[in-house]
Structures are given as C-alpha cells and as structure tokens.
Amino acid sequence: MLGIAAGIDDLIALGRGDPDFHTPSHIVDAAKAALDANRHHYTGPTGIQPLREAIAADLTARYGLDYGPDEIVVTAGAQEGIMLTMLGLCSPGDEVLITSPRFTSYDSA
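In numbering that gives the first Met the number 0, the protein residues as written are 0 to 108.
See below:
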C-alpha cells in the first residue's frame, strides 16, 4: 500500500499518524499550554465537562440541536468511539462488515 500511495500526487497520508505537513502553530501553542497546566492525562470515561458543554453549545448554535452535555461523550481514542457506536447500533447476532486494510484493534471494538 505504501508503494501505491507514494505514486499519488497530493496525497495526505495519515495511516501511521505521521502526516507530511507541519503542525499548525495554534495547535502547537495549545499543546504547550496544556502541558504547562498539567492537562495531559486521560480523562474520565465521558470526557471533560467544559468540553462537553462547549460541544453542546456549538451543536445548538450551528444546527439548532438541543443536546445537553450529559448526552455527549468525548472518547480518548477512535477504538473506544467505534466500540460505543457499535454497541448503540448493533444487537447480538447482527453481522458487521469491516473494511480491510484496517487498524488491527478495530476487530475487537
């Protein structure tokens, strides 16, 4: 796959978490501020309350959706988010198709 991808112009490869562009300065600054404030640990299972409040407010402002912060979950990673989504959408005995190639941990989610 990497050989095929190497021949494609304007491809942004994120498969290994190693993009071919520099991180924007506002993201670097926010990461530095989080480190300085000791905010670089895993959170509780539903996410940080102020972030969930901000997401709820944004959903209302942008789309007119009325969700409260207690109805929003912010996961620590994609696998957890995929697992929670599948638990909400699937029932025991349902068949699920998973694309290949894929991240190996997706099977367990």
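Just so you know, even glycine gets a beta-carbon here, dropped at the ideal spot from N, CA and C.
All of these numbers come straight from a predicted model, not from anything done at the bench.
Look at Val-72 and Thr-42 and say whether their C-beta atoms are less than 8 Å apart.
-> no
Tell me whether Pro-23 sits in a helix, a strand or coil according to DSSP, three-state version.
-> coil
DSSP state of Pro-91, grouped into three classes?
-> Three-state result, Pro-91: coil.
Secondary structure at Leu-10, three-state DSSP: helix, strand or coil?
-> coil
Distance between beta carbons of Leu-58 and Leu-64, contact taken as under 8 Å | 4 Å
Pick helix, strand or coil for Ser-104, following the three-state DSSP scheme.
-> helix
Pairwise C-alpha distance: Ile-81 and Ala-30 = 25 Å
Do the CB positions of Pro-68 and Glu-79 come within less than 8 Å of each other?
-> no
Rounded to a whole number of angstroms, what is the C-alpha to C-alpha distance between Gly-2 and Gly-76?
-> 28 Å
Which of helix, strand or coil DSSP assigns to Arg-51 | Helix at Arg-51.
Of all the options Gln-48, Leu-88 and Arg-101, which has the alpha carbon lying nearest to the alpha carbon of Glu-70?
-> Gln-48
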